[in-house]
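For reference, the structure discussed in these notes is given below.
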Amino acid sequence: MPSVIDLRSDTVTHPTDAMRRAMAAAPLGDDVFGDDPTVNELEARAAALLGKEAGLFVASGTMGNLVSLIAHLPRGHEAIAGESTHTVVDEAGGHAVVAGATIRALPERPDGTMDPGRLADAWRDPDDLHEPITGLVVIENTHAHSGGRPLTVEYTRAVAAIAHERGVPLHVDGARFFNAVVALGVTPAELAGPADTVTFCLSKGLSTPIGSVVVGPAAFIARARRARKLVGGGMRQVGVLAAAGLVALGNGPDGTIARLADDHANARRLAEGLAALDAVRSPGGIAQPSEGRLDASRAVTNFVLFRVDRDRSRFLAELDAAGVLMVPYANGSIRAVTHRGITAGDIDRVVETVDAILKGTRPSPAPEPAPTAA
Ligand SMILES: Cc1ncc(COP(=O)(O)O)c(C=O)c1O
């Protein structure tokens, strides 16, 4: 039985051998006291890489965004963000539940951007006591629901200019920030430059087991550190995890930033293979508004979104039975994400498998066995 090809997410990646060695050997301390040297080194390295004053190691991207909202926004303030973004839709309402903030969710365009005119119009009137106070703009880079589109330096600069003119900071949810950096061919500091603060994830394409880093001005990071404590994210000898992050961000053969280009090439290969199949369609929504065939040129980072003109659940079940894992996504689409565990050969096997299922030349999965009492 060939091994499973897991395209559900880049979060399924396991740490590299170099990461495991670094984790075993990491010098440690109690990070709540600020004396874990490996965490301190990771935070400093991340901040330097993105051209910011300070960094904060957090457990996840969700925690990074949440502590950023708390640190940026007094209660009763409002953030503006794209309506499909993770901060709006996929963080269990943490902005409201924990940060005490509202979100003004704006429509997004097929390139993952918000219209600058609509953004400027979304400001609340600070003199009207009925309205919340606009206190933050959040953008997501790469932008997941548009198909992992990278947002450019120019767009980031334009959004930052609108926000800054109104005295409001810009936060980037950069869960896949380095995919954007690699796809755009810019430096991390160039892409982060216009923004005030950035959260980026180490545990997605960069392949560490756990963790994200928030970077920004030192005073903001001090507030975010307090917020991290509030949400229970003060960790102790957490250098065992930060060590993997230092490997990921390192230059040289053990670093995992530059190799993201392979994931992007594999995503394009998958998109091209799928686009050639008659029963594969456009994913719809902002991922590809036009109907008809899948446009493979939209796959520029590590996401491939598509639809099939079959029952989606049944298709995914058959794919699963054939050893290929993907997930349901927005507007009835399906998402496949490439990562370090996926080779070009795997992609060819995926395309063959999808083709066989759609042509009905693969046997249907056996029905689930009835559950038995434990
Ligand atoms: C765009 C985006 N932001 C934030 C997150 C949150 O990351 P985590 O799963 O580490 O909480 C994700 C997770 O997939 C994401 O895709």
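The numbering of the sequence shown is my numbering, which starts it at 247 and goes up by one. Backbone N, C-alpha and C fix where the C-beta goes; we use that ideal spot for every residue, glycine too.
- Per the DSSP secondary-structure output, residue 574 pairs in a beta bridge with 580.
- The Cβ atoms of residue 393 and residue 561 lie no closer than 9 Å to each other.
- For ligand 1, a non-hydrogen atom lies closer than 8 Å to the CB of residue 450.
- Selection 301, 514, 352, 558 evaluated against residue 327 yields 352 as nearest (Cα-Cα).
- Secondary structure of residue 389 (DSSP, three-state): strand.
- In the same chain as residue 585, and ignoring 5 residues on each side of it, the C-beta atoms closer than 6 Å to its own belong to 256, 259, 451, 509, in chain order.
- DSSP, read as helix, strand or coil, puts residue 557 in coil.
- By alpha-carbon distance to residue 491, the top candidate from 280, 382, 306 is 306.
- Assigned with DSSP and collapsed to three states, residue 252 falls in strand.
- Contact between the stretch 281-292 and the stretch 457-468 is present, with at least three C-beta pairs closer than 8 Å.
- The beta carbon of residue 340 sits no closer than 8 Å to any heavy atom of ligand 1.
- In chain order, 528 place their CB closer than 8 Å to the CB of residue 536, counting only its own chain and leaving out the 5 sequence neighbours on each side.
- When DSSP assignments are scanned along the stretch 345-397, the uninterrupted stretches of beta strand (DSSP E) that are 3 or more residues long and fall wholly within it turn out to be 348-352, 379-386.
- Distance from the C-beta of residue 333 to the nearest heavy atom of ligand 1 is below 8 Å.
- Under the three-state reduction of DSSP output, residue 539 falls in the strand class.
- Comparing alpha carbon positions, the residue from 542, 376, 275, 578 closest to residue 514 is 542.
- Exclusion of the five residues before and after residue 534 leaves 356, 393, 528, 540, 541, 544, 551 as the residues of its chain whose Cβ lies within less than 8 Å of its Cβ.
- Taking 9 Å as the cut-off, the Cβ atoms of residue 438 and residue 298 count as close.
- For ligand 1, a non-hydrogen atom lies closer than 8 Å to the CB of residue 419.
- Remark: the shortest separation between the CB of residue 307 and any heavy atom of ligand 1 falls under 8 Å.
- Here DSSP, grouped into helix, strand and coil, assigns residue 304 to strand.
- DSSP places residue 530 in the strand class (E or B) of the three-state scheme.
- If you look at residue 417, you'll find it in the beta strand (DSSP E) that goes 416-420.
- The three-state reading of DSSP puts residue 443 in strand, counting E and B together.
- Excluding five sequence positions before and after residue 447, the CB atoms of its chain that fall closer than 6 Å to its own CB belong to 307, 421, 458, given in chain order.
- Closest option to residue 581, judged by alpha-carbon separation, among 568, 517, 523: 517.
- Straight-line spacing of the CA atoms in residue 314 and residue 346 works out to 13 Å.
- Within a 10 Å sphere around the beta-carbon of residue 363 sit fewer than 16 other beta-carbons, which makes this residue exposed.
- Residue 342 and residue 348 have their C-alpha atoms some 6 Å from each other.
- In terms of Cβ geometry, residue 405 and residue 365 form a close pair [threshold 9 Å].
- In this structure residue 292 touches residue 495 by the C-beta definition: roughly 7 Å separates them, less than 8 Å.
- Of the candidates 479, 603, 590, 468, the residue whose Cα lies closest to the Cα of residue 556 is 603.
- The beta-bridge partner set that DSSP reports for residue 328 consists of 352.
- Under a 10 Å Cβ-count criterion, residue 592 is classified as buried, with 16 or more other Cβ atoms of the shown protein chains found around its own Cβ.
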